[in-house]
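The structure appears below as structure tokens.
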Amino acid sequence: ISDQKPLGCWSVKHGQILTCPVVCNFETHEFIAVHDDKVLRIWKNEDINLDKAFKATLSADVYRIHSLPQAGPVVLFRGGAVRTLDVLLEAPQQEIENVISGEVIRWSGAFMEGQQPVLIFTTEKDKDFFVYVQKPKLSSLHKYKLEQQESAKPVCFTAHITNQTVKLLCLYSNDSVYQILIPLQQDSEEEEEEEILSKSLLLNFSTSETVLKGTSLVALDKNHVAVLGSLTAPRKEPRECLTVWNTKFHTLQTSRELPLGTSGQLWCYEEKFFLIHGKVLTVIMYKCETSSLAAAVGKLKCSQTPDVSSFVNWNTLEDGELVVSFQSQVSVASKADPRKKLRSRRRTVTDQQPENLSIGQLLLNLKDASIYVLETEMRKLMTKVPTPDLQAIIGCLVNILIDRCKRNPKYYPQHFLQEIVETRDLSYSLCPDLMAVALEKKDVHLLQICLERFPDIPEGITYACLKAFLSMSESHLQNIDVNLDSVICYIDVECDDKEVKTEIVENGFGAEMNQDMCGSKIPNQSQAWSDDDSCPVGPHKAALLNAVLHSAYTETFLLPHLKNLSPGQAILFLRYLYYLYVKCSEKVNTTLPGIRSPTINQIMDWMCLLLDAHFTVMVMLPEAKELLSNLHKFVRAQVRFYSELNKIEGSLRELQRLNHLRESHTYSIEVLEII
């Protein structure tokens, strides 16, 4: 989440449907999914094909799997029965009883009470709602009935457990939240008669002017809840918003409109909100502060309690906004005597030491400071010992610099920006506009540094860099400062810019053997290649392309962008990848020399991606025919070569074993016949 990068993607076969949310088993670090109601799938992160993952067909339909960090996954069936995953896997076809009759499960949640998992779910039947509380390991089940309300019905539920009491919160259709307290009973016997639970009004979202129509409710802690919904007012269009409420003092803690719309669903995990805003998954960090009346009414002074953070960091929703939520989150209280008065209130930014300012105040002061003052303060901060908070500050200050560049096209501190990126562990998410401005300014050196150092670059930006590098002429790049460490060891350049070919021969594998095996040479295209074995691009462009190869990506998101490359650019890039592939194959360890040189896996992955994106076009283009043919022959020869090695693998292992058995001081001549 911090790097905003997808890490894996799996899919079921055509016709199969995932019927409940996938969860992670915290104990085994495995994923658990159910498709077609009864088919259980379990796999690990390194598994690629979901169809080959562990499969178990159950005897009853699954409603939901809940994963608890300290107790393992718990499976809730549509009939109301509950099993731990361990018990279920011992006999997948075991009979599953029906706990409910004619009822439909509307919500479920899993919690820990001491060392015991507790599963709570609500059901509906004929406009009546019921609550079930189960302890799977103790075979304990209790059923309750919610008190009926004629004018409204429950829309959604949330809960948490405190002091052996379940606090169930229900959002009703009359724009109110009700609280229901359920004591956790210790007996393991099933109750004969269901108890009717009474409810108490906790929050009312309806006023004379506005009404909050909630669609999703999440409990944050014992005193705070978050509500996602639509705010309606007379003669105004409904506006979707996310609100946080203090249930202890019945006050609105904070809120924010969501102009792009939502799906109506809200999730909460490890002090982060997850919601669909427009077409993207938005993650918003929050921190529950100590519940006090002063905080509830917004009168809490940060200077008095510097350890209390802003409740929600809304900056995920606003690109250009300063991270003012840092103001109290990581502010450092001044140790000066509070009785001493400031000598002057007209201090400049440089007069105030950053140690005596909160981060938010420092950023606000520097926002409108002169360029000289801004760069001076940044250089001071860069001399300090790196910490996560300091990195965040520098990221915010870089955003201020980039904002200045946008407003003033003549201002672009190229060397200063390069110095910041080279000396600080920044990321794309800390300064998202940096690479966009560098692309606009054609600052390829800064782009090269960012590609090599940023772990979270979006695939669209990676593609934009690749397209820009391929579009630039060799003569233009020769006059630009580019780091050549990744290419200098295998591309040598003379004064007349002709590449000096150096043949690397290791363990009998050289150019002659390569051509004997392949029956072909590297493509000879007069337009792009002047020599058979030379690099199709110059060293400067090669170094930039190597930086692209190092950038992390997800295939699903990068592939659509690669399809936008022109045929000429795609062929040129494939020629360079083929050149690198041949160079790697010349060496026994399939590793290119140099610093940050591409690995064989990176080269192969990009070749496959590029061929997937442009295969039809390349098959149709005459100029790509020889390249594809040579690539096919080279790969086929390598497969044949490694296949032959596999055939003698057993004999080589036997020879190694005999060497260990042989006495070290005995001279002998042995003949091994390899059949």
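Mapping to this note's numbering: the sequence shown position 438 is 695, numbers consecutive. By construction, the Cβ of each residue, glycine as well, lies at the ideal position given by its N, Cα and C atoms.
Problem - Straight-line Cα distance separating Leu806 from Ile852 - result: Locating residue 852 in the sequence shown gives position 595, where the first residue counts as 1. Locating residue 806 in the sequence shown gives position 549, where the first residue counts as 1. Going from the Cα of Ile852 to the Cα of Leu806 covers about 14 Å.
Practice task
In the DSSP assignment, find the unbroken alpha helix (DSSP H) run with Met861 in it and report its ends.
Solution key: As a working mapping, residue 861 is identified with position 604 in the sequence shown. Where Met861 is concerned, the enclosing alpha helix (DSSP H) stretches over Ile857 to Met877.
Handout entry: Gln671 vs Leu638 beta-carbon contact at 9 Å
Key = The residue labelled residue 671 in the question sits at position 414 within the sequence shown. The residue labelled residue 638 in the question sits at position 381 within the sequence shown. No, the pair does not count as a contact, with Cβ atoms beyond the cut-off.
Problem - Local Cβ density within 10 Å of Lys456, reported as buried at 16 or more and exposed below that - result: Mapped onto the sequence shown, residue 456 falls at position 199. That one is buried.
Exercise for the section: Return the bridge partner residues of Ala416 from the DSSP annotation. Expected result: To locate residue 416, count along the sequence shown from 1; it is residue 159. DSSP, once it has assigned bridges, lists Leu425 as partnering Ala416.
Exercise for the section: Ignore the nearest five residues each way along the sequence and tell me which others in Gly471's own chain have a CB closer than 6 Å to its CB. Expected result: As a first step, residue 471 must be located in the sequence shown, where it is residue number 214. Leu428, Val484 and Gly486.
Handout entry: Stretch-stretch touch, CB-based, cutoff 8 Å, three pairs: the stretch 799-813 with the stretch 727-745
Key = yes
Problem - Rounded C-alpha distance that separates Gln327 from Leu376 - result: Sequence index remark: in the sequence shown, residue 327 carries index 70 (1-based). Sequence index remark: in the sequence shown, residue 376 carries index 119 (1-based). Straight-line Cα distance between these residues: approximately 14 Å.
Practice task
May I have the straight-line CA-CA distance separating Leu557 from Gln510, to the nearest angstrom?
Solution key: Along the sequence shown, one-based indexing puts residue 557 at 300. Along the sequence shown, one-based indexing puts residue 510 at 253. Per-residue confidence for Leu557 stands at a pLDDT of 43, beneath the threshold of 50, marking its modelled position as unreliable; the derived number appears in the next sentence. Between Leu557 and Gln510, the C-alpha separation is close to 12 Å.
Exercise for the section: Report the residue from Val537, Glu527, Lys536 and Thr539 whose alpha carbon sits nearest the alpha carbon of Cys545. Expected result: Sequence index remark: in the sequence shown, residue 545 carries index 288 (1-based). Closest by alpha carbon: Glu527.
Practice task
Give every residue of the same chain whose Cβ lies closer than 7 Å to the Cβ of Gln436, excluding the five residues on either side of it in the sequence, and list them in chain order.
Solution key: For the purposes of this step, residue 436 is taken as the residue at position 179 of the sequence shown. Cβ neighbours of Gln436 beyond the five flanking positions: Lys424, Leu426, Lys456, Ser457 and Leu459.
Handout entry: Other residues of its chain near Glu812: CB distance less than 7 Å, five sequence neighbours each side excluded
Key = Looking up residue 812 in the sequence shown gives position 555. Excluding positions up to five away in sequence, the list reads Leu866.
Exercise for the section: Name, in chain order, the residues that DSSP records as bridge partners for Ser487. Expected result: Position 230 of the sequence shown, counting from 1, holds the residue named residue 487. In DSSP, Ser487 forms a bridge with Lys470 and Glu497.
Exercise for the section: Rounded to whole angstroms, what's the CA-CA distance from Leu674 to Ile541? Just pull it up for me. Expected result: Within the sequence shown, numbered from 1, the residue matching residue 674 stands at position 417. Within the sequence shown, numbered from 1, the residue matching residue 541 stands at position 284. Their Cα atoms are separated by approximately 28 Å.
Handout entry: Rounded separation between Asp690 and Glu697 - CA only
Key = Numbered from its first residue, the sequence shown carries residue 690 at position 433. Numbered from its first residue, the sequence shown carries residue 697 at position 440. Approximately 11 Å between the Cα atoms of the pair.
Exercise for the section: Could you round the C-beta distance between Cys727 and Gln826 to whole angstroms and report it? I think they count as a contact, below 8 Å. Expected result: Translated into the one-based positions of the sequence shown, residue 727 becomes position 470. Translated into the one-based positions of the sequence shown, residue 826 becomes position 569. Inspection of the sequence shows that residue 727 is occupied by Leu rather than by Cys. Right, their Cβ atoms sit about 4 Å apart.
Exercise for the section: Using a threshold of 9 Å, state whether the C-beta atoms of Ser397 and Gln442 are closer than that. Expected result: Numbered from its first residue, the sequence shown carries residue 397 at position 140. Numbered from its first residue, the sequence shown carries residue 442 at position 185. The answer is yes: Cβ separation under 9 Å.
Handout entry: Identity of the residues DSSP links to Ser408 by a beta bridge
Key = The residue labelled residue 408 in the question sits at position 151 within the sequence shown. According to DSSP, Ser408 bridges with nothing at all.
Handout entry: Endpoints, the beta strand (DSSP E) within which Glu731 is located
Key = Residue mapping note: residue 731 aligns to position 474 of the sequence shown, counting from 1. Note, Glu731: premise wrong, no beta strand (DSSP E); alpha helix (DSSP H) at Glu731 to Gln735.
Practice task
Can you give me the start and stop residues for the beta strand (DSSP E) that Arg832 sits inside?
Solution key: By 1-based counting over the sequence shown, the position of residue 832 is 575. Element bounds for Arg832: not the beta strand (DSSP E) but the alpha helix (DSSP H), Pro824 to Ser842.
Practice task
Drop a sphere of 10 angstroms on the beta-carbon of Pro393, count the other beta-carbons inside from all chains shown, and report buried for 16 or more, exposed for fewer.
Solution key: Taking the first residue of the sequence shown as 1, we reach residue 393 at position 136. So Pro393 ends up on the buried side.
Practice task
Could you check the C-alpha separation between Ala725 and Gly265 for me, to the nearest Å?
Solution key: Counting from 1 along the sequence shown, the entry for residue 725 is found at position 468. Counting from 1 along the sequence shown, the entry for residue 265 is found at position 8. If I take the Cα positions, the gap works out to 28 Å.
Exercise for the section: Can you tell me which of Tyr669, Asp385 and Glu679 puts its alpha carbon nearest to the alpha carbon of Glu407? Expected result: For the purposes of this step, residue 407 is taken as the residue at position 150 of the sequence shown. For Glu407, the nearest C-alpha among the options comes from Asp385.
Exercise for the section: Leaving aside the five residues before and after Arg661 along the sequence, list all residues of the same chain whose C-beta is less than 6 Å from its C-beta, in chain order. Expected result: Within the sequence shown, the letter at position 404 stands for residue 661. So the list reads Tyr668, once near-sequence residues are dropped.
Exercise for the section: Give a yes or no on whether the minimum CB-CB distance between Thr464 and chain D is below 9 Å. Expected result: Among the chains in the structure shown there is no chain D, since it carries only a single protein chain.
Exercise for the section: Leaving out five residues on either side along the sequence, give the residues of the same chain with a beta carbon under 6 Å from the beta carbon of Tyr720. Expected result: Numbered from its first residue, the sequence shown carries residue 720 at position 463. For Tyr720, where only same-chain residues beyond five positions count, the Cβ hits under 6 Å are His818.
Exercise for the section: Write down the C-beta distance between Glu731 and Gly795 rounded to the nearest angstrom, noting that I regard them as a contact closer than 8 Å. Expected result: Within the sequence shown, the letter at position 474 stands for residue 731. Within the sequence shown, the letter at position 538 stands for residue 795. Yes, they are in contact, since the Cβ atoms of Glu731 and Gly795 sit about 4 Å apart, within 8 Å.
Handout entry: Minimum C-alpha distance to Arg942 - residue among Ala695, Lys904, Ile748 and Pro516
Key = The question about residue 942 has no answer, for the chain in this structure spans 258 to 932.
Exercise for the section: Indicate whether the contact test is met: 3 or more Cβ pairs, each with one atom in the stretch 299-309 and one in the stretch 317-326, closer than 8 Å. Expected result: no
Handout entry: Buried versus exposed call for Ser365 [16 or more other C-beta atoms within 10 Å across all chains shown]
Key = Sequence index remark: in the sequence shown, residue 365 carries index 108 (1-based). The residue in question, Ser365, is buried, as its Cβ has 16 or more Cβ neighbours within 10 Å.
Handout entry: Whether Pro879 touches Tyr836 by CB criterion (9 Å)
Key = On the sequence shown, residue 879 is found 622 positions in, with the first residue counted as 1. On the sequence shown, residue 836 is found 579 positions in, with the first residue counted as 1. No.
Exercise for the section: Could you pull the start and end residues of the alpha helix (DSSP H) that His534 belongs to? Expected result: Here residue 534 refers to the residue found at position 277 of the sequence shown. It is not in any alpha helix (DSSP H) - His534 instead sits in the beta strand (DSSP E) that spans Lys529 to His534.
Problem - Helix, strand or coil at Asn480 [DSSP, three-state] - result: Working through the sequence shown from its first residue, we reach residue 480 at position 223. Coil.
Practice task
Go ahead and pull the three-state DSSP assignment for Leu515.
Solution key: Translated into the one-based positions of the sequence shown, residue 515 becomes position 258. Three-state result, Leu515: coil.
Practice task
Quick one: grab the DSSP three-state call for Gln351.
Solution key: Position 94 of the sequence shown holds residue 351. Three-state result, Gln351: coil.
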